[in-house]
Amino acid sequence: MFESLTTRFQALFSKIRSKGIVRKEDLASSLREIRLALLEADVNYHVVKDLLSRVEKRALGAEVLESLTPAQQIVKIVHQELTALMGSTVSKFSLSSPPTVIMVVGLQGSGKTTFCGKLARYLIKKGKNTLLVPADLRRPAAVDQLITIAREAESDVYEEVQAGMRALEVCHSAIKEAEKEVLMP
Numbered sequence: 583m584f585e586s587l588t589t590r591f592q593a594l595f596s597k598i599r600s601k602g603i604v605r606k607e608d609l610a611s612s613l614r615e616i617r618l619a620l621l622e623a624d625v626n627y628h629v630v631k632d633l634l635s636r637v638e639k640r641a642l643g644a645e646v647l648e649s650l651t652p653a654q655q656i657v658k659i660v661h662q663e664l665t666a667l668m669g670s671t672v673s674k675f676s677l678s679s680p681p682t683v684i685m686v687v688g689l690q691g692s693g694k695t696t697f698c699g700k701l702a703r704y705l706i707k708k709g710k711n712t713l714l715v716p717a718d719l720r721r722p723a724a725v726d727q728l729i730t731i732a733r734e735a736e737s738d739v740y741e742e743v744q745a746g747m748r749a750l751e752v753c754h755s756a757i758k759e760a761e762k763e764v765l766m767p
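Residue numbers for the sequence shown follow my numbering, so the first one is 583 and each next one is one higher.
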């Protein structure tokens, strides 16, 4: 998702930067493209509306019109508003007492499995033990895909999934297994 959003923003900002002067129509077109990109990335409609309202207000103000490079100023405003929206401070990722359970949910094809592998790899580098649990039992290839990604990340993977199990049963069983590992490593 972030790769797609990044690609769209880069293309849009490249187009804006190529203009010497930004007209009101150019700004409206750019804001429309930003709106579409954010909505397609499943950003809440009201969040997008508020963000673009702030960007438009600032972009139509004197800070852009009087700047030497209006296009660069618009890019800067979008960046500042996104940073303000997302938070400008870095949050430390801390885990509770083991086993910490992290559930990853999202739309089909949004990169959950890949993210799980990357998160497992990150935690392993930080000296943590990981156990990836395939709970997407409706998609036949999902279990195999998670097993492959877990092995690439050098993570343990819960493979005790049996035919007819429900996702909740798999998760409970995996947590019990993880608790045993914590108590008797």
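Note that beta-carbon positions come from the ideal geometry of N, C-alpha and C, so glycine has one too.
Leaving out five residues on either side along the sequence, give the residues of the same chain with a beta carbon under 6 Å from the beta carbon of residue i.
i, result
"R640", "I659"
"M747", "none"
Could you please give me the residues that DSSP links to residue i through a beta bridge?
i, result
"V739", "L714"
Hey, how far is the Cα of residue i from the Cα of residue j?
i, j, result
"M685", "D624", "19 Å"
"G709", "R703", "10 Å"
"L677", "K762", "18 Å"
"R614", "F591", "12 Å"
"K694", "R599", "34 Å"
"V687", "E663", "27 Å"
"R636", "H661", "12 Å"
"G669", "L701", "21 Å"
"E638", "L609", "8 Å"
"K606", "F675", "42 Å"
"N626", "D632", "10 Å"
"S737", "Q655", "45 Å"
"T665", "D726", "38 Å"
"A593", "H628", "24 Å"
"S673", "V683", "19 Å"
Excluding the 5 residues flanking residue i on each side, which residues of the same chain have their C-beta closer than 7 Å to its C-beta?
i, result
"L620", "V630"
"D718", "A724"
"G699", "I731, A732, E734 and A735"
"L587", "A619 and A623"
Using a threshold of 9 Å, state whether the C-beta atoms of residue i and residue j are closer than that.
i, j, result
"I757", "P680", "no"
"I616", "L642", "no"
Using a Cβ cut-off of 9 Å (strictly closer), state whether residue i contacts chain C.
i, result
"S635", "Looking at the structure shown, chain C is missing, and only one protein chain is on hand."
Report the CB separation of residue i from residue j in whole angstroms; it is logged as a contact under 8 Å.
i, j, result
"P722", "V743", "12 Å between Cβ atoms; not a contact."
"L714", "L705", "That belief does not hold up - the Cβ atoms of L714 and L705 are roughly 11 Å apart, past 8 Å."
"V846", "F697", "In this structure the chain extends from 583 to 767, so residue 846 is not present and cannot be described."
Starting from the C-beta of residue i, find all residues in its chain whose C-beta is less than 8 Å away, skip the five residues before and the five after it, and write them out in chain order.
i, result
"Y740", "L713, L714, V715, P716, V752, S755, A756 and E759"
"L689", "D624"
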